[in-house]
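For the record, the sequence lines run as chains L and D.
The numbering of the first sequence is numbering that gives the first Met the number 0, which starts it at 0 and goes up by one.
The numbering of the second sequence is numbering that gives the first Met the number 0, which starts it at 0 and goes up by one.
For every residue, glycine included, the Cβ atom is placed at its ideal position computed from N, Cα and C.
Quantities reported herein were computed from a predicted structural model and do not represent experimental measurements.
Beneath this line is the structure, given in structure tokens, with notes to follow.
Number of protein chains: 2
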Amino acid sequence: MNPDPVRQLDRLIHEKGRLAILSVLAASPELSFTELRNLLEMTDGNLSVHIRTLQEAGYLAVTKSFRKRKPLTTCALTPAGKIAFTQYLDLLEQFVRQTPRPS
Amino acid sequence: MNPDPVRQLDRLIHEKGRLAILSVLAASPELSFTELRNLLEMTDGNLSVHIRTLQEAGYLAVTKSFRKRKPLTTCALTPAGKIAFTQYLDLLEQFVRQTPRPS
Numbered sequence: 000m001n002p003d004p005v006r007q008l009d010r011l012i013h014e015k016g017r018l019a020i021l022s023v024l025a026a027s028p029e030l031s032f033t034e035l036r037n038l039l040e041m042t043d044g045n046l047s048v049h050i051r052t053l054q055e056a057g058y059l060a061v062t063k064s065f066r067k068r069k070p071l072t073t074c075a076l077t078p079a080g081k082i083a084f085t086q087y088l089d090l091l092e093q094f095v096r097q098t099p100r101p102s
Numbered sequence: 000m001n002p003d004p005v006r007q008l009d010r011l012i013h014e015k016g017r018l019a020i021l022s023v024l025a026a027s028p029e030l031s032f033t034e035l036r037n038l039l040e041m042t043d044g045n046l047s048v049h050i051r052t053l054q055e056a057g058y059l060a061v062t063k064s065f066r067k068r069k070p071l072t073t074c075a076l077t078p079a080g081k082i083a084f085t086q087y088l089d090l091l092e093q094f095v096r097q098t099p100r101p102s
């Protein structure tokens with residue numbers, strides 16, 4: 000057993016809430032705050048904190064605009080976010096492949 | 000994208016340090032504290048805390064004995080730990096399979 004893939008996992012991405020956010024954004028060009036909240040069943044506060052953390056890491060681009068005079072916040076992966084998340088998934092795949100089911 | 004596999008991941012196992020410990024123990028019937036520390040390159044303090052957490056969750060059995068008059072601590076997965084870790088790996092595999100690489 001080689002513990003390196005686990006050690007190399009990006010802690011910022013590994014956290015469950017942020018991992019869920021990144022994985023739904025990997026499947027869409029962008030999602031609104033409301034769509035993320037409904038998909039992930041998170042509280043506004045929890046989702047806001049995770050989004051800010053991911054934005055500060057340069058992984059998420061957050062755009063604030065208006066639609067029908069209502070404020071609209073949308074999130075999308077940045078190029079750096081796509082690279083980091085792809086690396087994370089590759090390490091995770093390597094980890095799953097190499098780790099034996101305990102017998 | 001279905002966020003359920005991520006949501007179901009056992010938080011106790013998901014933490015990187017504990018994940019590394021469980022994955023090396025999944026590949027061995029038991030390992031001593033020293034073997035774990037050397038394999039995982041953790042500090043004594045860090046490893047001790049994680050082992051205690053896993054023991055309290057019922058996932059690890061810790062045995063203290065003597066070998067050549069020196070104290071020897073060995074760790075092994077419990078049956079509950081094997082079940083929990085297998086479930087975790089199954090969810091992780093499902094997550095890796097279903098999550099698209101961002102394009």
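So for LEU8(L), helix, strand or coil by DSSP? For LEU8(L), the secondary structure class from DSSP, reduced to helix, strand or coil, is coil.
How far does the beta strand (DSSP E) with THR73(D) in it extend, from its first residue to its last? From DSSP, the beta strand (DSSP E) with THR73(D) extends over 69 to 76.
Specify the secondary structure class of THR98(D) as computed by DSSP and reduced to three states. Looking at THR98(D) - three-state DSSP - the assignment turns out to be coil, as it is neither helix nor strand.
So with CB distances below 8 Å, who are the chain L contacts of THR85(D)? Here the neighbours are ARG100 and PRO101.
Under 7 Å (Cβ pairs) to chain L, residues found in the region 4 to 23 of chain D: Listed in sequence order: VAL5, ARG6, LEU8, ARG10, HIS13, LYS15, LEU18, ALA19, SER22 and VAL23.
Taking the DSSP output, what are the residues bridged to PHE65(L)? According to DSSP, which records beta bridges pairwise, PHE65(L) is partnered with PRO70(L).
Would you call GLY80(L) buried or exposed, if buried means 16 or more other Cβ atoms sit within 10 Å of its Cβ? With a 10 Å radius around the Cβ and a threshold of 16 neighbouring Cβ atoms, GLY80(L) comes out buried.
Using a Cβ-Cβ cut-off of 8 Å, state whether GLU34(D) counts as contacting chain L. Residue contact check for GLU34(D) against chain L: no CB pair falls below 8 Å.
Just the chain L side, please: which residues come within less than 7 Å of GLU92(D) by C-beta, in chain order? Result: VAL95.
With burial defined as no fewer than 16 other Cβ atoms inside 10 Å of the residue's Cβ, what is the status of SER64(L): buried or exposed? By the 10 Å Cβ count, SER64(L) comes out exposed.
Applying the criterion that 16 or more other CB atoms from any shown protein chain within 10 Å of the CB defines a buried residue, is THR42(D) buried or exposed? With fewer than 16 other Cβ atoms from the protein chains shown falling within 10 Å of its own Cβ, THR42(D) counts as exposed.
Rounded to whole angstroms, what's the CA-CA distance from PHE84(L) to ASP3(L)? Just pull it up for me. The alpha-carbon of PHE84(L) is positioned some 17 Å away from that of ASP3(L).
For SER31(L), the three-state DSSP class (helix, strand or coil): In the structure shown, SER31(L) falls within a strand segment according to DSSP collapsed to helix, strand and coil.
When burial is assigned at 16 or more other CB atoms within 10 Å of the CB, is HIS12(D) buried or exposed? Going by the sequence as given, residue 12(D) is Ile instead of His. By the beta-carbon neighbour count (other beta carbons within 10 angstroms, threshold 16), ILE12(D) is buried.
Among LYS67(D), ARG51(D), LYS69(D) and ARG68(D), which residue has its Cα nearest to the Cα of VAL61(D)? Of the candidates LYS67(D), ARG51(D), LYS69(D) and ARG68(D), the residue whose Cα lies closest to the Cα of VAL61(D) is ARG51(D).
Going straight from the alpha carbon of ASN45(L) to that of PRO99(L), what length do you get? Using only the alpha carbons, I get a separation of about 34 Å.
The region 21 to 30 of chain D touching the region 65 to 72 of chain D, judged by at least three CB pairs closer than 8 Å: Flag = no, the region 21 to 30 of chain D and the region 65 to 72 of chain D do not touch.
Whole angstroms are fine: how far does the CA of ILE82(L) sit from the CA of GLU14(L)? Spanning the two alpha carbons is a distance of roughly 17 Å.
Alpha-carbon to alpha-carbon, THR33(L) and THR66(L): This sequence places Arg at residue 66(L); Thr is not what is there. Each residue's alpha carbon lies about 13 Å from the other.
Using a Cβ cut-off of 8 Å (strictly closer), state whether LEU59(L) contacts chain D. Cβ-Cβ to chain D under 8 Å: no for LEU59(L).
Length of the line joining the Cα atoms of VAL95(L) and GLN86(D): Take the alpha-carbon of VAL95(L) and the one of GLN86(D): they are about 12 Å apart.
Less than 7 Å between C-beta atoms, sequence neighbours within five positions excluded: which residues of the same chain meet that for ALA25(D)? Excluding five sequence positions before and after ALA25(D), the CB atoms of its chain that fall closer than 7 Å to its own CB belong to LEU76 and PHE84, given in chain order.
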